[in-house]
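K.L.:
What follows is a single structure, and I will ask about it in a moment.
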Amino acid sequence: MKFLPTRLPEVLIVEPDVYRDQRGWFLETYHIQKYQEAGILPPFVQDNCSSSVLGTLRGLHFQMARPQGKLIRVIRGEIFDVAVDIRKGSPTFASWVGVTLSAEEFRQIYVPMGFAHGFCVLSDVAEVEYKCTDVYAPGGEVTIRWNDPRIGIQWPIAQPLLSTKDAAGQVLDELCDQLPEYQP
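Residue 1054, in our numbering, is where the sequence shown stops; the numbers in between run on with no holes.
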């Protein structure tokens, strides 16, 4: 299993070992000791799964009341997954990293607390599973506008399908009082 750094040091790409033969394949999708040794320390306490159609964009979300780290993987289809550093005072504040994840490649991305998360669907349908380090608290979720010019994400779609909540997201500059502080 490989844990690959991104240009945002706390965000990691995970490439599991996949064992293939004439019967199919096998892989380990999570092993607490290996993940902790790679710096993914908080325990995961909730698993979520979503299914979305081509062109759907979910995000950018973060939780203030109960911040969550997330380990994301695709079990069907393909997505473009994004993490944004939203920690006030961070040297990489408002920077983002994006990675394509697919069911065929088995890669995962770890998005730690203090980062907003979102993804868009590149295949006809995508099913996404993610492990979370805290339980979801609906009243504590904040949505950043998916096309905030300050962040400048280069999404691979121009006219995404958005939920009402995501379409009403705020720009980062409007959320300064709600953002977490950088803890070096």
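Beta carbons are placed, not taken as given, at the ideal position from N, Cα and C, and that holds for glycine.
With a CB to CB cut of under 7 Å and the five nearest residues on each side skipped, what residues in its chain are close to Gly988?
P.N.:
Within the same chain, Gly988 has close Cβ partners Leu927, Arg928, Gly929, Leu930, His931, Val952 and Trp1016.
K.L.:
Please check the pair Met983 and Gly1010, which I expect to be a contact at CB under 8 Å, by giving their CB distance rounded to whole angstroms.
P.N.:
At roughly 12 Å, the Cβ-Cβ gap does not stay under 8 Å, so Met983 and Gly1010 are not in contact.
K.L.:
Tell me, to the nearest whole angstrom, how far the beta carbon of Lys1057 is from that of Glu1051; I am working on the premise that it is less than 8 Å.
P.N.:
What is shown of the chain runs 871 to 1054, which leaves residue 1057 out entirely.
K.L.:
Between the alpha carbons of Arg1020 and Glu1044, how many angstroms are there, rounded?
P.N.:
Approximately 11 Å between the Cα atoms of the pair.
K.L.:
The beta strand (DSSP E) that contains Gln1053, what's its start and end?
P.N.:
Careful: Gln1053 lies outside any beta strand (DSSP E) and carries neither H nor E.
K.L.:
Cα separation between Ile949 and Ile979?
P.N.:
Between Ile949 and Ile979, the C-alpha separation is close to 12 Å.
K.L.:
Compute the Euclidean distance between the alpha carbons of Arg946 and Ser972, then round it to the nearest angstrom.
P.N.:
One C-alpha to the other measures close to 7 Å.
K.L.:
Could you pull out every unbroken beta strand (DSSP E) segment of at least 3 residues lying fully inside the segment 936-1003, listed in chain order?
P.N.:
The segment 936-1003 contains these whole beta strand (DSSP E) runs: 940-946, 948-955, 966-972, 978-981, 985-991 and 995-1002.
K.L.:
Buried or exposed, going by whether 16 or more other CB atoms sit within 10 Å of the CB of Gly909?
P.N.:
Exposed: under 16 other Cβ atoms inside 10 Å.
K.L.:
Grouping DSSP H, G and I as helix and E and B as strand, with all else coil, what is Gln933?
P.N.:
It is a strand residue.
K.L.:
What would DSSP say about Gln1040, mapped onto helix, strand or coil?
P.N.:
Reduced to three states, the DSSP call for Gln1040 is strand.
K.L.:
In whole angstroms, give me the CA-to-CA distance for Ala1040 and Ser1033.
P.N.:
Per the sequence presented here, residue 1040 reads as Gln, with Ala not at that position. So the alpha carbons of these two residues sit roughly 14 Å apart.
K.L.:
Alpha carbon to alpha carbon, how far is Pro937 from Met871? Give it in angstroms, no decimals.
P.N.:
Rounded to the nearest angstrom, the two C-alpha atoms are 27 Å apart.
K.L.:
Taking the C-alpha atoms as reference points, what is the distance between Gly815 and Gln892?
P.N.:
No statement about residue 815 is possible, as the shown extent of the chain runs from 871 to 1054 and does not include it.
K.L.:
Are there 16 or more other CB atoms within 10 angstroms of the CB of His1006, so buried, or fewer, so exposed?
P.N.:
For the sequence presented, residue 1006 should be read as Tyr rather than His. Exposed, because fewer than 16 other Cβ atoms sit within 10 Å of the Cβ of Tyr1006.
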